[in-house]
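Remarks on the structure that follows.
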Amino acid sequence: MRSKLWSEVENGGEKKQKRPGRSPADLHLCLDTELDTSEGRRKPASMRVSVLVLSSCYMAFKIVALEHRLNSLVSMGEHIHNEDAVSSRAQNEINAEIYGELSTNLFRLEKLNHEGKCEFMIIPCPSCKERIRFNEQERHNERECPERTLNCKYCKEPFHFKNIKAHDEICPKYPMICEGCAKKKIPREKVEKEKIHDHERAYAYEHLNLLLHYIMGMKVSMEGLQPQGLELAGHKLVELQQSLRELEARVSQLSTTSSGPPVQGAAAAAVASSSSSSSGPPASAPLPPPPTLAPTLSVSTSFTPLPSSVGAALELQLHSEKTKVAELGRRCTELEVKSGTFENVVCVLNREVERFATTMEASNRQHKLDQDKIEALSNKVRQLERTVGLKDLTVAEMEGRLREMSATTFDGVFVWRISDFAKKRQDAIAGRAPAMFSPAFYTSKYGYKMCLRIYLNGDGTGRGSHLSLFFVVMRGLSDALLKWPFNQKVTLMLLDQSNREHIIDAFRPDVTSSSFQRPVSEMNIASGCPLFCPLSKLDAKNSYIRDDTIFIKAIVDLTGL
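Position one of the sequence shown corresponds to residue 121 (the working numbering), numbered consecutively onward.
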């Protein structure tokens, strides 16, 4: 029954006679209206494809009468009673109720599906409540909504777009312009009343210079305008006097004429002549004053008065000329007053500028004096630093001599105490201080001057395996009184601090060696024992090293001295 009904529904539109003027648009359905009920009833239509149009978005979508949709609608028993009835109705005209159910259900189904995802759906803005399309919501929130939140580009504080002007008036970082010096981009917080005074005091010199330049420019302009205005006023006065003389001459000519028409013609000529003379070049020199008008008019009793229009024109021209002269005089007076005022202001500003210039000159002189004083003090400090450095060297030298004198002996016997043995040996191994010299000692107060030299990590054949100890003859103050070469027996000892077993080595100098000749430099070449003591013996548990200290003893035989 379903397939039969479906075929009948499909063919129903073909069997029905088409009305003239019916277009496919009659099959369109709208969300805002019911089914087209023109002519008092619902329109039957083909059920193959129905087209719906949303009035809100004007987007057309199709309802395809699929068989599975028709199944759920045809199953309603209240509309379809038997197969024959449905068949007979489909052949003639689709039942209005079935058509209404089919169209309405299909329409509602597609309406629900479309409304959930329609991009042209009208929705209210959550901020300003304005009704907008769904696909314009993002653009509206970013560009159009008056309630959207923005961040001030000056103070970075948030505000609503509708309050942008109000925020600019109170923004503490809004750039302002100094009215005095036209300095731009000054934050409002720095242009407040309590801070504008600081700005005016700091830039008083610049402000006065700007005002002085402005007033000087005004003065130059006034000086240029004043002669021009006076010259123009003089020209106008000369023109006015010339016009008056010509008018009186014309009037005197007209007074001798008795006929009406010639008087009118003469008056017209007088008016024309006066107008032409007023526009012509001014007279080079003023003429004597003309006679008064009243006696001239009383010469002849047969004089015909001028027409009222001519007299009014003459009076109007005279009044205009007088007004111009008065205006020029008033302007000249105002210019003189303003010029005097500006001259007074310029004098005051000149005095202020001179005072500031004097102050600046005094400040510059004081600054130069301060710079000279600073330079002198700097030189003195550098000189004192050099003096202190020399003093430090002298003190260090004196301290060294004092230490030497405290350790110096004058009997040929010398005991050298070496503390911090482990650290000094590590320095010798690392090469930082491979050798050490002892303080000087003497055979007598005026005898030979000598010292010892030790290599804690060995030297020559004993490097790295033995302790090397050498004897050095030094240059002394009494060498000229001594016998050379040095020929005294020398004994070197590493003391056992428990007094049990000392390491001893003795030698007699080789008189042919340069090490024992009279020194020509501070000291001769050292001579002694490169294999004085094995380092392994020092590393063993014994009493040569105690409290990280060793003792070296040197004995010079004084026989024969």
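Here a beta-carbon is modelled for each residue, glycine too, at the ideal position from N, C-alpha and C. The structure presented is a predicted model; accordingly, all values stated were derived computationally and were not measured.
Subject >> CA nearest to the CA of Glu264, picked from Phe636, Ala432, Thr514 and Arg251 >> reply: Position 144 of the sequence shown, counted from the first residue, corresponds to residue 264. Out of Phe636, Ala432, Thr514 and Arg251, Arg251 has the C-alpha closest to the C-alpha of Glu264.
**OP:** Measure how close the beta-carbons of Ile672 and Leu576 come, nearest whole angstrom, since I'm counting them as under 8 Å.
**Re:** On the sequence shown, residue 672 is found 552 positions in, with the first residue counted as 1. On the sequence shown, residue 576 is found 456 positions in, with the first residue counted as 1. Not confirmed; about 11 Å, so no contact.
Subject >> Exposure label - Gly532; buried when at least 16 CB within 10 Å >> reply: Here residue 532 refers to the residue found at position 412 when the sequence shown is read from its first residue. Looking at its Cβ environment, which holds 16 or more other Cβ atoms inside 10 Å, Gly532 is buried.
Original post:
Are at least three pairs of beta-carbons, each pair with one atom in the segment 616–627 and one in the segment 597–604, less than 8 Å apart?
Top reply: no
Subject >> Whole-number beta carbon distance between Leu367 and Leu455, since they are thought to touch under 8 Å >> reply: Residue 455 sits at position 335 when you count from the first residue of the sequence shown. Residue 367 sits at position 247 when you count from the first residue of the sequence shown. That pair is no contact at about 32 Å.
**OP:** Just the C-alpha distance for Glu447 and Glu359, rounded to the nearest angstrom, thanks.
**Re:** Start at 1 with the first residue of the sequence shown, and residue 447 comes out as number 327. Start at 1 with the first residue of the sequence shown, and residue 359 comes out as number 239. The alpha-carbon atoms of Glu447 and Glu359 are separated by roughly 16 Å.
Subject >> From Ser618, Lys500, Ala646 and Ser247, residue whose alpha carbon lies closest to that of Ile670 >> reply: Locating residue 670 in the sequence shown gives position 550, counting from the first residue. The option with the nearest alpha carbon to Ile670 is Ser618.
Original post:
Start and end of the alpha helix (DSSP H) containing Ile284?
Top reply: Position 164 of the sequence shown, counted from the first residue, corresponds to residue 284. That run of the alpha helix (DSSP H) goes Ile284 to Ile290.
**OP:** Under 8 Å by Cβ, that's how I've got Phe476 and Tyr334 pegged, so tell me the actual separation to the nearest angstrom.
**Re:** Translated into the one-based positions of the sequence shown, residue 476 becomes position 356. Translated into the one-based positions of the sequence shown, residue 334 becomes position 214. No, Phe476 and Tyr334 are not in contact; Cβ-Cβ is about 17 Å, not under 8 Å.
**OP:** Assign Asn271 to one of three DSSP states: helix, strand, or coil.
**Re:** Locating residue 271 in the sequence shown gives position 151, counting from the first residue. Here Asn271 sits in strand by DSSP.
Original post:
What residue range is occupied by the uninterrupted beta strand (DSSP E) comprising Phe240?
Top reply: In the sequence shown, counting from the first residue as 1, residue 240 sits at position 120. Segment: none, Phe240 is in no beta strand (DSSP E) and carries neither H nor E.
**OP:** Please check the pair Ala646 and Val610, which I expect to be a contact at CB under 8 Å, by giving their CB distance rounded to whole angstroms.
**Re:** If you number the sequence shown from 1, residue 646 lands on position 526. If you number the sequence shown from 1, residue 610 lands on position 490. The Cβ separation is near 12 Å, so there is no contact.
Original post:
With Leu658 and Thr563 assumed to form a contact (beta carbons below 8 Å), what rounded beta-carbon distance in angstroms separates them?
Top reply: Along the sequence shown, one-based indexing puts residue 658 at 538. Along the sequence shown, one-based indexing puts residue 563 at 443. Contact doesn't hold; Cβ gap of about 30 Å is too wide.
**OP:** May I ask you to list the residues that DSSP assigns as paired with Ala626?
**Re:** Within the sequence shown, the letter at position 506 stands for residue 626. In the DSSP output, where bridge partners are listed per residue, Ala626 has Thr611.
**OP:** Within 10 angstroms of the Cβ of Asp668, are there 16 or more other Cβ atoms? Answer buried if so, exposed if not.
**Re:** If you number the sequence shown from 1, residue 668 lands on position 548. Exposed is the call here.
Original post:
Would you report the Cα separation of Val508 and Gly648, rounded to the nearest angstrom?
Top reply: Your numbering for residue 508 matches position 388 in the sequence shown. Your numbering for residue 648 matches position 528 in the sequence shown. So the two alpha carbons sit approximately 42 Å from each other.
**OP:** Could you give the DSSP three-state label for Lys569: helix, strand or coil?
**Re:** The residue given as residue 569 occupies position 449 in the sequence shown. DSSP places Lys569 in strand when its eight states are reduced to three.
Subject >> The alpha helix (DSSP H) enclosing Arg251, as first and last residue numbers >> reply: Along the sequence shown, read from residue 1 onward, the residue named residue 251 stands at position 131. No alpha helix (DSSP H) holds Arg251; the beta strand (DSSP E) holding it covers Arg251 to Arg253.
**OP:** Have a look at Lys273 and Arg451 and give me their C-alpha separation to the nearest angstrom.
**Re:** Residue mapping note: residue 273 aligns to position 153 of the sequence shown, counting from 1. Residue mapping note: residue 451 aligns to position 331 of the sequence shown, counting from 1. C-alpha separation (whole angstroms): 51 Å.
Original post:
According to DSSP, is Thr514 helix, strand or coil?
Top reply: As a first step, residue 514 is located in the sequence shown; it is residue number 394 there, counting from the start. Here Thr514 sits in helix by DSSP.
Subject >> Cβ shell of Glu642 (< 8 Å), same chain only, five flanking positions each side left out >> reply: Within the sequence shown, numbered from 1, the residue matching residue 642 stands at position 522. Only Met594 and Arg595 meet the Cβ criterion.
Original post:
What does Ala555 pair with, by DSSP beta-bridge criteria?
Top reply: Position 435 of the sequence shown holds residue 555. Paired residue(s): Tyr575.
**OP:** Enumerate in chain order the residues of its own chain whose CB-to-CB distance from Phe534 is below 6 Å, with the five nearest sequence positions on each side excluded.
**Re:** Here residue 534 is taken as the residue at index 414 of the sequence shown, counted from 1. Phe561 and Ala674.
Original post:
So what does Thr479 bridge to, in DSSP terms?
Top reply: Here residue 479 refers to the residue found at position 359 of the sequence shown. According to DSSP, Thr479 bridges with nothing at all.
Original post:
Helix, strand or coil: how does DSSP classify Asp668 here?
Top reply: If you number the sequence shown from 1, residue 668 lands on position 548. In the three-state scheme derived from DSSP, where H, G and I count as helix and E and B as strand, Asp668 is classed as coil.
**OP:** Kindly give me the distance between the Cβ atoms of Leu655 and Ser585, rounded to whole angstroms, as I take these residues to be in contact under 8 Å.
**Re:** Counted from its first residue, the sequence shown places residue 655 at position 535. Counted from its first residue, the sequence shown places residue 585 at position 465. Yes, Leu655 and Ser585 are in contact; Cβ-Cβ is about 6 Å, under 8 Å.
Original post:
Can you tell me whether DSSP reads Leu655 as helix, strand or coil?
Top reply: Walking along the sequence shown from the start, residue 655 turns up at place 535. DSSP places Leu655 in helix when its eight states are reduced to three.
Original post:
Do Tyr568 and Leu602 have their CB atoms nearer than 8 Å?
Top reply: For the purposes of this step, residue 568 is identified with residue 448 of the sequence shown, where counting begins at 1. For the purposes of this step, residue 602 is identified with residue 482 of the sequence shown, where counting begins at 1. Yes, these two residues count as a Cβ contact at 8 Å.
Subject >> Contact check, Leu328 vs Leu469, beta carbons under 8 Å >> reply: Taking the first residue of the sequence shown as 1, we reach residue 328 at position 208. Taking the first residue of the sequence shown as 1, we reach residue 469 at position 349. Cβ atoms of Leu328 and Leu469: closer than 8 Å.
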